[in-house]
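Note sheet for the following structure.
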DNA sequence: TTGAAAATCAGTAATCATTACTGTTTTCTG
DNA sequence: CAGAAAACAGTAATGATTACTGATTTTCAA
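Protein chains in written order, with the working numbering: chain A, 921 to 1048; chain B, 921 to 1048.
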């Protein structure tokens, strides 16, 4: 089902994949509006939903009511700054004992989501 | 600011604190509607926001667009079943090396949110 | 106790991210 | 190319959450 190609779909994925900003749908739309003036926000949402189904992107966190996504689907955690609202990557090597216990108890883990909230270094250092 | 008492506020907190279901605002409202027929959903939302400010409850996850809360503010993780939408508590003793690294790098952690998504044992066992 | 002042509330309207709908345009396949 | 399928733009609808306004509770000093 689905021919699975369209120029807009490709542009949307490229935009998501080429940033480490963990963007929202609105951000992706804003980025592409210049390049593709007749792009529709609905198309961005529709394709984001498709990419998630396909496992090409993941949902990272919900920041101020907006869903933030990531084309880096490798197992890693995130830090959300409550001041500047940026999202940072946290790559770790450790394996959680919780996961083993869940598996032992008959739970199937499809994905895990580890998010720290606080203030990033930049915001800690600024006087505001 | 705020005398910080009202019978409805108390009832709302009791309802949240007396369940392990990690409820949504709508669920709390539904529970109390019998007991307090003239309760307003806005009041539930307003008080949830207040409890969060006061640190008496935390946000656990966003399940199908609804924010789910928890009066257990102790450090623990959660498992969200993608089939039955129940939220399970996962208490662990381990300390994450990520936290230490964040502190070392000048980040302030206000809270952490660890959520596993998948299928719970009950849903795995059912034939559906 | 009482009776304003302050806080909270009910009810409703507004907001805002996301989703659905409809007629048009793009893409695919032969 | 031509027809069918998929994707799209533009707009309307949805649904959770928030804001507003006039009424009701709560507080607390007299």
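Each residue gets a CB set at the ideal place from its N, CA and C atoms; glycine is no exception.
Grouping DSSP H, G and I as helix and E and B as strand, with all else coil, what is residue 966(A)? Residue mapping note: residue 966(A) aligns to position 46 of the first chain, counting from 1. Residue state, collapsed to three classes: helix.
To the nearest angstrom, how far is it from the Cα of residue 995(A) to the Cα of residue 1016(A)? Numbered from its first residue, the first chain carries residue 995(A) at position 75. Numbered from its first residue, the first chain carries residue 1016(A) at position 96. Looking at the two C-alpha atoms, the distance is approximately 12 Å.
Run through DSSP, which three-state label would residue 959(B) get? One-based indexing of the second chain puts residue 959(B) at position 39. Note: residue 959(B) maps to coil in three-state DSSP.
If residue 970(B) and residue 959(B) are in contact, beta carbons under 8 Å, what's the gap, nearest whole angstrom? Position 50 of the second chain, counted from the first residue, corresponds to residue 970(B). Position 39 of the second chain, counted from the first residue, corresponds to residue 959(B). That pair is no contact at about 16 Å.
From residue 946(A) to residue 939(A), what does the alpha carbon distance come to, in whole angstroms? The residue you call residue 946(A) lines up with position 26 of the first chain. The residue you call residue 939(A) lines up with position 19 of the first chain. Those two C-alpha atoms are separated by around 14 Å.
Going along the chain, which residues of its own chain have a beta-carbon closer than 6 Å to the beta-carbon of residue 921(B), five neighbours each way excluded? As a working mapping, residue 921(B) is identified with position 1 in the second chain. Note on residue 921(B): pLDDT 43, under 50, position unreliable in the model; no value is reported.
Going by the CB atoms, is the gap between residue 1036(A) and residue 1010(A) shorter than 9 Å? Looking up residue 1010(A) in the first chain gives position 90. Looking up residue 1036(A) in the first chain gives position 116. A distance below 9 Å separates the beta carbons of residue 1010(A) and residue 1036(A).
Tell me whether the region 999 to 1008 of chain A and the region 986 to 1000 of chain B touch, counting them as touching only if at least three CB pairs, one residue from each stretch, are closer than 8 Å. With a cut-off of 8 Å on Cβ pairs, the region 999 to 1008 of chain A is not in contact with the region 986 to 1000 of chain B, counting fewer than three such pairs.
CB residue 1045(A) to CB residue 1030(B), shorter than 9 Å? Here the question's residue 1045(A) lines up with position 125 in the first chain. Here the question's residue 1030(B) lines up with position 110 in the second chain. Result no, Cβ atoms of residue 1045(A) and residue 1030(B) do not sit closer than 9 Å.
Would a check of beta-carbon distances place residue 944(A) closer than 9 Å to chain B? Numbered from its first residue, the first chain carries residue 944(A) at position 24. For residue 944(A), the answer is no, since every Cβ of chain B falls outside 9 Å of its Cβ.
Residue 928(A) and residue 968(A): beta carbons closer than 9 Å? Taking the first chain and counting its residues from 1, the one referred to as residue 928(A) is at position 8. Taking the first chain and counting its residues from 1, the one referred to as residue 968(A) is at position 48. The answer is no: Cβ separation not under 9 Å.
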